[in-house]
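Chemist: Start counting the sequence shown at 35; every next residue gets the next number (my numbering).
Just so it is clear, CB atoms sit at the ideal spot from N, CA and C, and this is done for glycine as well.
Bear in mind that the values here come from a model prediction, so they are computed numbers and not experimental data.
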Amino acid sequence: MTKSAQLTEVLLDRRLASFNRLWQMFMESESRIQRSGGKVVAKWRLFPPEIIYALGATPYDLLLHEGMTKTTTKDARTTAYAIEAGLSADSCIWNLTATSNTLSKGNLTPLNMFVATAGQCDISSKTWQLMSRDMHKPIYSMEIPIYDAASEKRATSFIKEELTSLFERVGRRFGHKYSERNLREEIKRGNEIRKLLLDLTGSLTHDHVPMTGLEYFLTHATAGDYLQEPEALTAILTEIRNEVMKRTEQSKAAPGITNDPTRLYYVGMAPQDLRFWNIIEDSGGAIVGCDTYLPLFHSPIPENGSLLKEFAGWIWKMPHHMPSLDRAKSLIPYIKQQKPDAVIIGNVIGCRNLSSSDRILKETFREELGIPVTSIEFGSSEDVTLLEPHIKAFIEMCK
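1) Can you tell me whether Ala114 is buried or exposed? The criterion is at least 16 other CB atoms within 10 Å of its CB, across all chains shown.
2) Figure out for me which residue from Ile321, Gln306, Pro374, Tyr260 has the closest Cα to the Cα of Ala288.
3) Would you identify the three-state DSSP class for Ala183, choosing helix, strand or coil?
4) Quick check: the stretch 239-255 against the stretch 275-294, are there 3 or more CB pairs under 8 Å?
5) When DSSP builds the beta bridges, which residues end up paired with Ala346?
6) Quick check for students: name the residue ranges of the beta strand (DSSP E) that lie wholly in the stretch 311-374, counting only runs of 3 or more.
7) Tell me where the beta strand (DSSP E) around Leu298 begins and ends.
8) Let's test the definition: count the other Cβ atoms within 10 Å of the Cβ of Arg361 and tell me whether it reaches 16, buried, or not, exposed.
9) Starting from the C-beta of Glu263, find all residues in its chain whose C-beta is less than 8 Å away, skip the five residues before and the five after it, and write them out in chain order.
10) Can you tell me whether Glu100 is buried or exposed? The criterion is at least 16 other CB atoms within 10 Å of its CB, across all chains shown.
11) Which partner residues does Val382 have in the DSSP bridge list?
12) Can the beta-carbon of Ile314 be found less than 8 Å from the beta-carbon of Ile410?
13) Are the beta-carbon atoms belonging to Arg297 and Lys373 less than 8 Å from one another?
14) If we count the other Cβ atoms within 10 Å of its Cβ and call it buried at 16 or more, is Pro144 buried or exposed?
15) What are the start and end residues of each continuous alpha helix (DSSP H) run of 4 or more residues lying completely inside the stretch 212-269, in chain order?
16) Could you tell me how far apart the beta carbons of Val382 and Trp78 are, in whole angstroms, since I believe they sit closer than 8 Å?
17) Below 6 Å CB to CB, which residues in the same chain sit around Val418 once its five sequence neighbours on both sides are set aside?
18) Buried or exposed: Gly339, going by 16 or more other Cβ atoms within 10 Å of its Cβ?
19) For Ala76, list the residues DSSP reports as bridge partners.
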């Protein structure tokens with residue numbers, strides 16, 4: 035990977051040969067669902083993909099594939115369609131871009147249904163409802179109670195009933211009868227991917243960080259829908275893990291990471307412009323962890339016992355369902371094990387509870403971790419390179 039002062043394009047680690055195949059899978063996601071031939075379900079980012087696979091359908095992480103800017107700022111997609119449909123121009127840029135790009139395709143999109151988790155994000159809920167209305171596609175919302183440790187038993191029972199209802203109602207629409215055996219197989223398949231993602235996350239604890247932030251972010255983001263091909267993804271992630279482990283055995287850092295970099299853990303939704311991760315390394319830092327998709331692989335889903343009950347309990351403990359203080363405390367062990375020198379909190383302008391959540395996360399991390407913490411904000415009109423002075427100054431302060 036080479037440096038570029040202007041950062042006019044995404045810089046990939048071309049020496050990580052197996053990652054090139056993963057990147058190709060990302061780039062082909064839209065065409066892959068076009069030719070799938072089966073039911074395609076647009077899912078909310080952190081909705082467990084096993085649920086959709088168990089219904090005989092293909093999940094599609096809409097925000098990731100339709101909202102991410104993959105090359106340059108010129109590749110940023112218009113937000114006009116979303117605004118005309120009723121979304122505020124001040125909404126989360128990921129929602130604006132993904133909604134616009136999806137609506138612009140009209141009847142050409144292969145999406146058959148929208149599935150989301152209700153009660154978590156008002157903007158995301160409105161986004162799904164607008165697309166469902168304008169595209170005349172059904173929407174299904176699964177209700178998840180706000181986390182409260184004292185109500186685990188009741189909440190788990192409620193989520194189990196929600197899962198049962200979802201399998202019955204969506205399965206009836208798709209002509210697919212729920213089978214515990216099918217769900218168990220999908221969970222087992224998903225857990226293989228979770229283990230690989232946890233292994234790759236663990237590799238970042240080494241002194242010589244073997245993956246750049248961009249490669250790690252994209253790799254961990256595959257937890258969203260397994261890029262529609264879990265078996266192919268498992269094979270590629272296995273190759274990536276083997277290559278990365280070879281680097282750690284040889285005490286080699288990834289190209290582009292300086293000697294003795296400032297080790298950074300990233301918390302929150304990332305900028306949609308992938309050049310952000312290049313800026314981290316160009317500024318003398320190294321990403322050693324990221325929680326954007328961590329809720330989907332923070333631990334394996336139990337494969338034994340009462341499957342729906344165990345699955346419901348796992349969903350209940352996904353960190354993003356928690357209020358800010360509980361979420362911050364739940365993240366502490368994951369952050370500590372990555373041995374960061376500092377934490378960056380990413381805030382998407384337009385998301386709910388931005389200021390209060392940011393304050394709680396900052397205070398908790400500083401108190402529990404005893405390391406510097408900063409936050410960045412990004413929205414629809416900002417060039418991600420404008421964040422570079424802030425990031426450079428923060429990294430310099432941490433040295």
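Modeler: Reading from the atomic positions:
1) Result: exposed.
2) Nearest option by C-alpha distance: Ile321.
3) Helix, per DSSP.
4) Under the three-pair Cβ rule at 8 Å, the stretch 239-255 counts as touching the stretch 275-294.
5) The partner list for Ala346 (beta bridge, DSSP) is empty, contrary to what the question assumes.
6) Counting whole runs of 3 or more residues, the stretch 311-374 contains the beta strand (DSSP E) stretches 319-324.
7) Leu298 -> beta strand (DSSP E) spans 296-302.
8) Arg361 is buried by the Cβ-count criterion.
9) For Glu263, where only same-chain residues beyond five positions count, the Cβ hits under 8 Å are Met59, Arg66.
10) That one is buried.
11) DSSP lists Phe412 as partners of Val382.
12) Inclusion of Ile314 and Ile410 in the CB contact set at 8 Å is not warranted, their separation being larger than that value.
13) In this structure, Lys373 lies closer than 8 Å to Arg297 by Cβ.
14) Buried is the call here.
15) As summarised for the stretch 212-269, the continuous alpha helix (DSSP H) elements at least 4 residues long and confined to that stretch are 214-237, 247-255, given in chain order.
16) A Cβ-Cβ separation of about 15 Å leaves Val382 out of contact with Trp78 under the 8 Å criterion.
17) Excluding positions up to five away in sequence, the list reads Pro305, Asp307, Arg309, Phe310.
18) When all chains shown are included, Gly339 counts as exposed.
19) Under DSSP, Ala76 takes part in a beta bridge, and its partners are Tyr94, Phe148.
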